[in-house]
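**Student:** Have a look at this one before I ask anything.
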Amino acid sequence: MPHNENRFHYWDSRRCLMPARVTGLAVAVATAGTLALSGCGQSHERSGALTVVASTDAWASVAQAVTGDHAKVSALVSGADTDPHSFEVTPAAAAQVQDATLVVYNGDGYDPFIDKLLKDGEPRVNAYQLLPADSADKNEHVFYSLRTAQQVANNVADDLAKADPGNADSYHANAKTFGQQLDSIASLQEDVATKYRGKAILATEPVASHLVSRCGLVDRTPHAFAEAAEQGQDPSPADVATALDLISTKQVAALLFNPQTAGSVTNRIKQAAESHGVPVVTVTETLPEGTDYVTWQRRTTEQLAAALG
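For the record, in the sequence shown the residue sitting at position 238 is 238 according to UniProt numbering, with numbers rising by one throughout.
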């Protein structure tokens with residue numbers, strides 16, 4: 001693909017809609033914290049303030065970039081030590097969703113607890129439905145798709161502008177600024193693609209599939225291994241052996257490791273990578289402590305580039 005076809009102008013406010021798929025991710029029992037990201041702003045008929053509730057802190061951070069100080073933004077699942085697939089809805093979480101001005105979530109079965117809480121007509125932004133139609137990668141982890149993140153920001157701006165017309169210009173200006181920040185990350189990904197296109201990687205889970213695709217890399221992870229990881233199951237001994245062979249024979253340039261779903265098998269693969277000098281890149285599903293969405297995506301891209309070099 002020519003270099004200039006990779007560049008996107010993320011501030012484009014067009015909505016790119018496509019049908020969502022339904023997957024069967026299991027919802028396990030865990031506790032979830034709620035992360036308040038900003039203070040109250042304009043009045044709202046439900047609770048006296050505009051409120052945005054997101055399924056995870058990744059989407060909450062995208063929403064926060066748009067709202068600024070005009071709304072209270074919170075996440076049901078937060079922290080890099082938490083697996084978003086493992087979430088038990090509490091009465092407090094249910095109340096947050098039902099009282100929200102706007103709900104932002106991943107969709108495609110990634111956070112099915114949200115679907116159970118949303119009422120008919122509840123204002124919502126489903127990120128997966130905003131995955132650009134021309135995207136060849138349909139992986140559910142669309143928080144690693146910069147174009148999808150900008151479409152989410154644009155939709156948040158549009159919906160909040162309707163709820164709070166007095167601050168409409170601010171919401172749209174913030175979404176544009178967010179897009180310009182994503183443009184700079186897209187440039188980094190273009191550079192990675194230019195330098196390392198065709199290099200192979202192995203992943204303990206296809207969390208960063210959209211990043212891998214944008215950087216022109218080849219995912220050598222055995223298909224059945226990736227499927228087992230998605231379902232929270234251990235891969236077969238044969239697939240584990242294949243993954244270990246890819247590492248020991250240096251057929252992959254890096255291992256992408258998700259610590260949030262780590263188990264004995266994936267830890268063994270990580271140890272093998274470290275033993276054989278294959279760089280390990282940590283990829284998470286929620287924000288590392290003290291970061292926002294832009295910082296998270298930039299650092300992950302930079303770490304991947306360093307590993308490939």
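Even glycine gets a Cβ: it sits at the ideal position worked out from N, Cα and C.
Helix, strand or coil: which one does DSSP assign to residue 156?
**Tutor:** In the sequence shown, residue 156 corresponds to position 156, counting from 1. Helix at residue 156.
**Student:** Going by beta carbon distance, what residues of the same chain come within less than 6 Å of residue 305, once the five residues before and after it are set aside?
**Tutor:** As a working mapping, residue 305 is identified with position 305 in the sequence shown. 192.
**Student:** To the nearest angstrom, report how far apart residue 19 and residue 83 are at their CA atoms.
**Tutor:** Counted from its first residue, the sequence shown places residue 19 at position 19. Counted from its first residue, the sequence shown places residue 83 at position 83. Because the pLDDT of residue 19 is 32, which lies under 50, any placement of that residue in the model is unreliable, and the question is left without a value.
**Student:** Does DSSP classify residue 204 as helix, strand or coil?
**Tutor:** In the sequence shown, residue 204 corresponds to position 204, counting from 1. Reduced to three states, the DSSP call for residue 204 is coil.
**Student:** Quick one: what's residue 219 bridged to in DSSP?
**Tutor:** The residue you call residue 219 lines up with position 219 of the sequence shown. In the DSSP output, where bridge partners are listed per residue, residue 219 has 201.
**Student:** Leaving aside the five residues before and after residue 292 along the sequence, list all residues of the same chain whose C-beta is less than 6 Å from its C-beta, in chain order.
**Tutor:** Walking along the sequence shown from the start, residue 292 turns up at place 292. Closer than 6 Å at the Cβ level, and outside the excluded window around residue 292, lie 61.
**Student:** Considering Cα atoms alone, identify which of 122, 148 and 282 is closest to residue 133.
**Tutor:** As a first step, residue 133 is located in the sequence shown; it is residue number 133 there, counting from the start. Here the closest residue by C-alpha is 148.
**Student:** Along the chain, where does the beta strand (DSSP E) containing residue 105 start, and where does it finish?
**Tutor:** Here the question's residue 105 lines up with position 105 in the sequence shown. Here the beta strand (DSSP E) through residue 105 covers 102-105.
**Student:** So the beta strand (DSSP E) residue 311 belongs to, where does it begin and stop?
**Tutor:** Residue 311 lies beyond the range of the chain shown here (1 to 309); nothing can be said about it.
**Student:** In angstroms with no decimal places, state the Cα-to-Cα distance between residue 232 and residue 137.
**Tutor:** Taking the first residue of the sequence shown as 1, we reach residue 232 at position 232. Taking the first residue of the sequence shown as 1, we reach residue 137 at position 137. Straight-line Cα distance between these residues: approximately 21 Å.
**Student:** If you check the beta carbons only, do residue 160 and residue 54 fall under 8 Å apart?
**Tutor:** Counting from 1 along the sequence shown, the entry for residue 160 is found at position 160. Counting from 1 along the sequence shown, the entry for residue 54 is found at position 54. Against a cut-off of 8 Å, the Cβ pair of residue 54 and residue 160 comes out as no contact.
**Student:** Between the Cα of residue 167 and the Cα atoms of 285, 50 and 90, which residue gives the shortest distance?
**Tutor:** For the purposes of this step, residue 167 is identified with residue 167 of the sequence shown, where counting begins at 1. If we check each option's Cα against that of residue 167, 50 comes out closest.
**Student:** Taking the beta strand (DSSP E) that residue 178 falls in, what are its first and last residues?
**Tutor:** The residue labelled residue 178 in the question sits at position 178 within the sequence shown. Premise fails: residue 178 lies in the alpha helix (DSSP H), 168-196, not in any beta strand (DSSP E).
**Student:** Report the three-state DSSP secondary structure of residue 37 (helix, strand or coil).
**Tutor:** In the sequence shown, the residue the question calls residue 37 occupies position 37. Because residue 37 carries a pLDDT of 41, less than 50, the predicted location of this residue cannot be relied on, and the following value inherits that uncertainty. Residue 37: coil per DSSP, three-state reduction.
**Student:** Within its chain, find whatever has a CB closer than 7 Å to the CB of residue 119; leave out the 5 residues flanking it on each side and keep chain order.
**Tutor:** Locating residue 119 in the sequence shown gives position 119, counting from the first residue. If we look at residue 119 and ignore the five residues flanking it on each side, its Cβ neighbours are 98.
**Student:** Between 272, 259, 227 and 208, which has its C-alpha nearest residue 241's C-alpha?
**Tutor:** The residue labelled residue 241 in the question sits at position 241 within the sequence shown. Among 272, 259, 227 and 208, the Cα nearest to that of residue 241 belongs to 272.
**Student:** For residue 164, count the other beta carbons within 10 Å of its own beta carbon; 16 or more makes it buried, fewer makes it exposed. Which is it?
**Tutor:** Counting from 1 along the sequence shown, the entry for residue 164 is found at position 164. Residue 164 counts as buried, since at least 16 other C-beta atoms from the protein chains shown sit within 10 angstroms of its C-beta.
**Student:** Are residue 65 and residue 153 touching if we call contact CB-CB under 8 Å?
**Tutor:** In the sequence shown, residue 65 corresponds to position 65, counting from 1. In the sequence shown, residue 153 corresponds to position 153, counting from 1. Cβ distance < 8 Å, so residue 65 and residue 153 count as in contact.
**Student:** Which residues bound the alpha helix (DSSP H) around residue 82?
**Tutor:** Here residue 82 refers to the residue found at position 82 when the sequence shown is read from its first residue. Careful: residue 82 lies outside any alpha helix (DSSP H) and carries neither H nor E.
**Student:** Rounded to a whole number of angstroms, what is the C-alpha to C-alpha distance between residue 123 and residue 162?
**Tutor:** Numbered from its first residue, the sequence shown carries residue 123 at position 123. Numbered from its first residue, the sequence shown carries residue 162 at position 162. Rounded to the nearest angstrom, the two C-alpha atoms are 11 Å apart.
**Student:** List the endpoints of the continuous beta strand (DSSP E) containing residue 254.
**Tutor:** The count along the sequence shown starts at 1 and reaches residue 254 at position 254. First-last of the beta strand (DSSP E) with residue 254: 254-257.
**Student:** Could you tell me whether the region 199-207 touches the region 247-258, using the rule of 3 or more Cβ pairs below 8 Å?
**Tutor:** yes
**Student:** Strictly by DSSP, which residues pair up with residue 139?
**Tutor:** Residue mapping note: residue 139 aligns to position 139 of the sequence shown, counting from 1. Paired residues: none, contrary to the question.
**Student:** Taking Cβ to Cβ, would you say residue 59 is nearer than 8 Å to residue 128?
**Tutor:** The sequence position of residue 59 within the sequence shown is 59, counting from 1. The sequence position of residue 128 within the sequence shown is 128, counting from 1. Taking the C-beta atoms as reference points, residue 128 is found no nearer than 8 Å to residue 59.
**Student:** Does the beta-carbon distance from residue 80 to residue 287 come in below 8 Å?
**Tutor:** For the purposes of this step, residue 80 is taken as residue 80 along the sequence shown, with counting starting at 1. For the purposes of this step, residue 287 is taken as residue 287 along the sequence shown, with counting starting at 1. Yes; because the gap between Cβ atoms is below 8 Å, this pair is in contact.
**Student:** In the DSSP assignment, the beta strand (DSSP E) including residue 89 goes from what residue to what residue?
**Tutor:** Taking the first residue of the sequence shown as 1, we reach residue 89 at position 89. In the DSSP assignment, residue 89 falls outside any beta strand (DSSP E) and carries neither an H nor an E.
**Student:** Between the C-alpha atoms of residue 324 and residue 77, what's the straight-line distance to the nearest angstrom?
**Tutor:** An answer regarding residue 324 cannot be provided, because it is not within the stretch 1 to 309 covered by the chain.
**Student:** Using alpha carbons as the reference points, say which of 224, 289, 250 and 196 lies closest to residue 275.
**Tutor:** Here the question's residue 275 lines up with position 275 in the sequence shown. Selected option, being the one with the closest Cα: 250.
**Student:** For the beta strand (DSSP E) containing residue 125, name the first residue and the last one.
**Tutor:** Mapped onto the sequence shown, residue 125 falls at position 125. Counting along the chain, the beta strand (DSSP E) containing residue 125 begins and ends at 124-126.
**Student:** Are residue 156 and residue 63 close, meaning C-beta to C-beta below 8 Å?
**Tutor:** In the sequence shown, the residue the question calls residue 156 occupies position 156. In the sequence shown, the residue the question calls residue 63 occupies position 63. Yes, the pair counts as a contact, with Cβ atoms nearer than the cut-off.
**Student:** Quick one: what does DSSP say residue 297 is sitting in, helix, strand or coil?
**Tutor:** The sequence position of residue 297 within the sequence shown is 297, counting from 1. Here residue 297 sits in helix by DSSP.
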